[in-house]
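K.L.:
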Amino acid sequence: MTNNKTEPIPPMLPDIFTLPPYGKKPPMLLGGYCGHCDAHFFPKPRYCPRCLGTPDLKEIGNTGVIHSFTVVRTKPPLGLPQPYGVGYVDLDEGMFGAGLRIFCLFDPGSMDQLRIGAKVRLQAAPLGHNGRGEVRLRPFFKPIDGEQEG
920 MTNNKTEPIP PMLPDIFTLP PYGKKPPMLL GGYCGHCDAH FFPKPRYCPR
970 CLGTPDLKEI GNTGVIHSFT VVRTKPPLGL PQPYGVGYVD LDEGMFGAGL
1020 RIFCLFDPGS MDQLRIGAKV RLQAAPLGHN GRGEVRLRPF FKPIDGEQEG
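One rule links them: number in the numbering used here = place in the sequence shown (from 1) + 919.
#1: Can you look up Gly1070 in the DSSP assignment and give me helix, strand or coil?
#2: Taking a contact to mean a Cβ-Cβ separation below 7 Å, would you say Ala1088 touches Leu1056 in this structure?
#3: Quick check: the segment 981-1001 against the segment 952-959, are there 3 or more CB pairs under 8 Å?
#4: Can you tell me which residues form a DSSP beta bridge with Lys1061?
#5: What distance in whole Å lies between the Cβ atoms of Val1054 and Ile928, which are believed to be in contact at a cut-off of 8 Å?
#6: Looking only at its chain, what residues have a beta carbon closer than 6 Å to the beta carbon of Cys953, apart from the 5 residues adjacent to it on each side?
#7: Would DSSP call Gly1028 helix, strand or coil?
#8: Report the three-state DSSP secondary structure of Arg1051 (helix, strand or coil).
#9: How many Å lie between Gly1069 and Leu1033 at the Cα?
#10: Give the single residue among Gly1004, Arg1020, Leu948 and Asp1011 whose Cα lies nearest to the Cα of Ser1029.
#11: Run through DSSP, which three-state label would Gly1006 get?
#12: Please name the residue or residues paired with Gly951 in a DSSP beta bridge.
#13: With a threshold of 16 other CB atoms inside 10 Å of the CB of Lys977, please say whether the residue is buried or exposed.
#14: What are the partner residues of Ile1021, as DSSP defines its beta bridges?
In structure tokens, the structure reads:
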């Protein structure tokens, strides 16, 4: 198994989020940016759907606001915890200029804190497996205590 203490745990998919060690810089989502169209995408497509150009891989953010969510209480796929939360987060535009709405997982330990309008921050941790029982890092959003948009 790849969760040997000397080997880093690989991500669920390449080029979705920055990898540890995080240290001074927290995890960031990676997406595509087409300079020709000035458009952001998540995840990064092979070709820009607007102009068919090749988007660059770019950090697109790590904070946002919950647009909608649901808590799934049936048997989860890929070794995810039960229950697990999924939904849409509107990424903050900030210095990255992305402002995208993305579909994502939520922190399994924060199901009771999920609220529409709640501010969230990206985390990355071992969560579930790759379908063959090998532990994988996954990005998920965690509510930021006490902060909501009105």
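The beta-carbon is built from N, C-alpha and C at its ideal position, and this holds for glycine as well.
P.N.:
A quick look at the data gives this:
#1: The chain is shown only over 920 to 1069; residue 1070 falls outside these bounds and no answer can be derived.
#2: Residue 1088 is absent from the model: the chain starts at 920 and stops at 1069.
#3: no
#4: Taking the first residue of the sequence shown as position 1, residue 1061 is located at position 142. Answer by DSSP bridge pairing, in chain order: Arg1040.
#5: What you label residue 928 is simply residue 9 of the sequence shown in a count that begins at 1. What you label residue 1054 is simply residue 135 of the sequence shown in a count that begins at 1. Indeed they touch by this definition, with Cβ atoms about 6 Å apart.
#6: Position 34 of the sequence shown holds residue 953. Closer than 6 Å at Cβ, skipping near neighbours: Cys967, Gly972 and Pro974.
#7: As a working note, residue 1028 is residue 109 in the sequence shown. Helix, per DSSP.
#8: Locating residue 1051 in the sequence shown gives position 132, where the first residue counts as 1. The answer is coil: DSSP assigns Arg1051 none of H, G, I, E or B.
#9: By 1-based counting over the sequence shown, the position of residue 1069 is 150. By 1-based counting over the sequence shown, the position of residue 1033 is 114. Reliability fails at Gly1069, whose pLDDT of 45 lies under 50, so the model's placement of it is uncertain and the value that follows must be treated cautiously. Going by the C-alpha atoms only, they are around 15 Å apart.
#10: Indexing the sequence shown from 1 puts residue 1029 at position 110. Among Gly1004, Arg1020, Leu948 and Asp1011, the Cα nearest to that of Ser1029 is on Gly1004.
#11: One-based indexing of the sequence shown puts residue 1006 at position 87. Strand.
#12: In the sequence shown, the residue the question calls residue 951 occupies position 32. DSSP output for Gly951 lists Phe960 and Leu976 as bridge partner(s).
#13: On the sequence shown, residue 977 is found 58 positions in, with the first residue counted as 1. Counting Cβ neighbours within 10 Å, Lys977 comes out buried, since at least 16 surround it.
#14: Along the sequence shown, one-based indexing puts residue 1021 at 102. Val1008.
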